[in-house]
Structures are given as C-alpha cells and as structure tokens.
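Basically my numbering = 1-based index in the sequence shown + 93.
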Amino acid sequence: MLSVGVACALLAPLCWSIAVLFYRRSADLASPVVMTVIKNAVAAVLLVVSAALIGSEVPWDRSWADWLRLAASGVLGLAVADTLLFEALRRVGAARIAITDTVYAPSLLALSWWFLDEHLSLLFFVGAGLVLAGVALANLKGETSSIEPRDLMVGTALGLASVGGTVVGVILSKPVLEESDLVEVTLTRMLAGLALQVPWALWRGFGPELRASVSRRDLWWTLFPAAFVGTWLSLLLWMAGFKWAPASVAAVLNQMATVYILVLARFVLHEQVGWRQALGGLTAAAGALVVVLGSG
Numbered sequence: 094m095l096s097v098g099v100a101c102a103l104l105a106p107l108c109w110s111i112a113v114l115f116y117r118r119s120a121d122l123a124s125p126v127v128m129t130v131i132k133n134a135v136a137a138v139l140l141v142v143s144a145a146l147i148g149s150e151v152p153w154d155r156s157w158a159d160w161l162r163l164a165a166s167g168v169l170g171l172a173v174a175d176t177l178l179f180e181a182l183r184r185v186g187a188a189r190i191a192i193t194d195t196v197y198a199p200s201l202l203a204l205s206w207w208f209l210d211e212h213l214s215l216l217f218f219v220g221a222g223l224v225l226a227g228v229a230l231a232n233l234k235g236e237t238s239s240i241e242p243r244d245l246m247v248g249t250a251l252g253l254a255s256v257g258g259t260v261v262g263v264i265l266s267k268p269v270l271e272e273s274d275l276v277e278v279t280l281t282r283m284l285a286g287l288a289l290q291v292p293w294a295l296w297r298g299f300g301p302e303l304r305a306s307v308s309r310r311d312l313w314w315t316l317f318p319a320a321f322v323g324t325w326l327s328l329l330l331w332m333a334g335f336k337w338a339p340a341s342v343a344a345v346l347n348q349m350a351t352v353y354i355l356v357l358a359r360f361v362l363h364e365q366v367g368w369r370q371a372l373g374g375l376t377a378a379a380g381a382l383v384v385v386l387g388s389g
C-alpha cells in the first residue's frame with residue numbers, strides 16, 4: 094500500500110501537468126513575470142482560506158533561523174524559480190525545458206544525501222536511473238532545431254537556474270517542514286516569495302501590464318484554473334510529499350511530470366506522440382514503480 098508521502102509525490106506532478114495545459118494558453122496573454130505574480134497571489138489567497146478552514150496556527154515561538162530558512166526557500170523556490178521557468182519556457186519550449194528539468198532529481202538526491210543524511214538504497218538508484226533515462230528518451234527530437242542559438246543558450250541557462258532555485262528551496266524548507274503544519278509552511282513560503290516578487294515586478298515596470306491583466310477575463314479563464322490546480326493543489330501535494338516521504342524518493346517521483354504531460358498532450362491536446370515518447374514514458378513509469386517498491 095502506498096504511503097501518504099509517496100502518493101502525494103505522485104499526484105503533485107500530475108496536477109502540475111494538468112496546469113501546464115492552461116499555462117500554455119496563458120503564456121500567449123501575459124508575460125512570465127505577470128503570470129507568476131498573479132498565479133502566486135491566487136494561490137496565497139487559497140492557502141489563507143485553507144489555513145482558516147483547518148485551523149492552522151502560526152508558530153510564533155519558531156526560531157528566527159527557521160523563519161529565515163522558509164523565507165529564503167519561498168523567494169528562491171517560488172518567486173525566482175517560477176519566473177525563470179516561464180521565461181525559459183517562452184524561449185526554448187516545453188520539450189527542451191523538460192530535458193533540462195531532468196537535473197532536478199539528481200541534484201536533489203545529491204543534496205539530500207549531503208545535507209539531510211538520507212540513505213539511498215540500490216533499488217532507489219535503479220529506479221532513479223530508469224526515470225531519468227525515460228524522461229530524457231521521451232524528449233529526444235530528431236528534427237533540426239528552429240531555436241536561435243542565443244535563445245537556446247539563455248533559455249537552457251534559465252531553465253537550469255530555475256531547477257537550482259527549486260532544489261535549494263526544498264532543502265532549506267525540509268527540516269522546518271518536518272516539524273510544522275503543512276499549510277502554514279506552504280503559505281509562509283508563498284508570502285515570502287510574493288513579498289519580494291511584487292515590488293520587483295513594479296520596479297521593473299510591469300505595473301501597467303499587471304493592472305491590465307487583473308481585469309482581463311480571457312486571461313482569468315486559463316490562469317485561475319492553472320493557479321488552482323498547478324500552484325495551490327500541486328504545491329500542497331508537493332510539500333506533503335517532502336514532509337511524509339524521504340526527499341530523495343519524492344524527487345524521483347516528481348520527475349514523472351514529463352510523462353504525465355506527454356499523456357495529456359496526446360489525449361487532451363491530440364498532439365502526435367512518437368515511439369521515443371511512448372518508450373520513454375513506459376521506462377519512466379517502470380522506474381517510478383521501482384522507487385515505490387524500494388521505499389516500502
């Protein structure tokens with residue numbers, strides 16, 4: 094039987110993958126900075142409501158060191174990483190970002206072993222290798238790239254930086270998360286990210302676009318569902334995975350997002366999925382199963 098942590102780690106990327114379908118449409122209507130601010134603001138409101146409904150309390154006796162860890166985690170993992178991700182997506186597209194994102198699990202594994210003293214079993218390494226191999230195979234492209242060399246270089250660098258921010262954010266928040274309320278920690282990270290993100294967006298001149306976007310009904314039809322499923326629900330499940338499962342296990346299972354996106358693209362968007370993508374998806378799914386078996 095799946096543990097709560099493993100189940101959450103599998104469901105989080107599924108929710109994110111569904112949100113990607115909406116984010117693709119939103120990207121045509123707003124800039125990456127404005128999209129990130131709006132979706133995080135919506136998620137923050139939903140988290141406040143969630144905290145009120147379940148009676149989450151603020152641990153005022155929390156040490157300043159832990160508050161700073163959560164604040165830094167929110168700034169790096171939500172404000173910075175999300176903005177970099179959307180800009181990279183705009184430059185190089187989803188497939189190449191998915192390939193870049195394969196460094197997420199290995200990076201988090203290495204840092205979990207180094208900083209959190211997590212034990213990694215042989216089955217874990219086998220499963221992790223299969224997931225990464227499957228994700229990479231699923232995103233191989235045979236045709237010549239039409240992306241400009243500069244956009245390819247900058248977009249790849251931004252994608253790697255986004256993954257780095259996410260990974261460091263997880264490592265920073267994990268020790269505090271294990272001893273704290275899930276919703277409260279998630280809300281604290283979100284508010285910390287917004288506290289930096291909103292002033293920065295205004296300083297960079299995104300104020301007019303932000304005000305105009307808030308009143309655009311066509312944008313809300315796509316961005317609100319994306320924020321609901323991909324930021325609020327997915328983020329809670331994602332944090333729950335790291336709270337109730339080893340960070341190493343959660344990281345590998347999170348990598349299944351690319352496979353989920355391939356399935357949704359085929360059956361929802363009716364995009365062509367080739368043999369590489371199908372084989373890669375099966376390989377990654379087998380790897381995830383091995384990780385689950387090894388975590389039991």
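Positions of the beta carbon are idealized from the N, C-alpha and C atoms, including for glycine. Please read all numbers here as calculations on a predicted model, not as lab measurements.
Alpha-carbon to alpha-carbon, residue j and residue i
i	j	result
L287	I354	27 Å
S308	L316	12 Å
N347	A333	12 Å
A203	A340	10 Å
G248	A174	13 Å
N133	D121	18 Å
A198	S110	17 Å
A123	S327	22 Å
N-terminal and C-terminal residue of the alpha helix (DSSP H) that residue i is part of
i	result
V278	275–296
D194	Looking at the DSSP string, D194 is not in any alpha helix (DSSP H), and its letter there is neither H nor E.
M332	327–337
S110	97–119
M246	242–271
A340	340–347
Given residue i as reference, the closest of the options once Cα atoms are compared
i	options	result
W206	L375, F360, V342	V342
V378	A340, L329, G222, D121	Looking at the sequence provided, one finds Ala at residue 378 rather than Val. It is G222 whose Cα lies nearest to the Cα of A378.
V345	V260, D175, L295	V260
F360	V97, A226, L114	L114
S96	V352, W337, A381, M349	W337
T193	T351, V356, V383	T351
V263	I131, G170, A226, R310	G170
Where residue i sits in the DSSP three-state scheme
i	result
D154	coil
F299	coil
S124	coil
S306	helix
G186	coil
V361	coil
E236	Bear in mind that the predicted position of E236 carries a pLDDT of just 49, short of 50, making it unreliable; the figure below should be weighed with that in mind. Three-state result, E236: coil.
D311	helix
S143	helix
L209	coil
S149	coil
S214	coil
V356	helix
Other residues of its chain near residue i: CB distance less than 6 Å, five sequence neighbours each side excluded
i	result
E180	P125, L251
T237	With a pLDDT of 49 at T237, under the threshold of 50, the modelled position of that residue is not reliable, and the figure given next carries that caveat. Within the same chain, T237 has no close Cβ partners at all.
Spatial neighbours of residue i in its chain, beta-carbon cut-off 7 Å, leaving aside the 5 residues before and after
i	result
L330	C101, L104, A105, C108
L140	V276, T279, L280, M283, W325
L289	V168, A172
A285	L163, A164, G167, V168
L372	L230
Sequence-distant residues of the same chain with beta carbon closer than 8 Å to residue i, five excluded per side
i	result
L177	L251, G252, A254, S255, G258
R297	V126
A137	L280, M283, L284, L287
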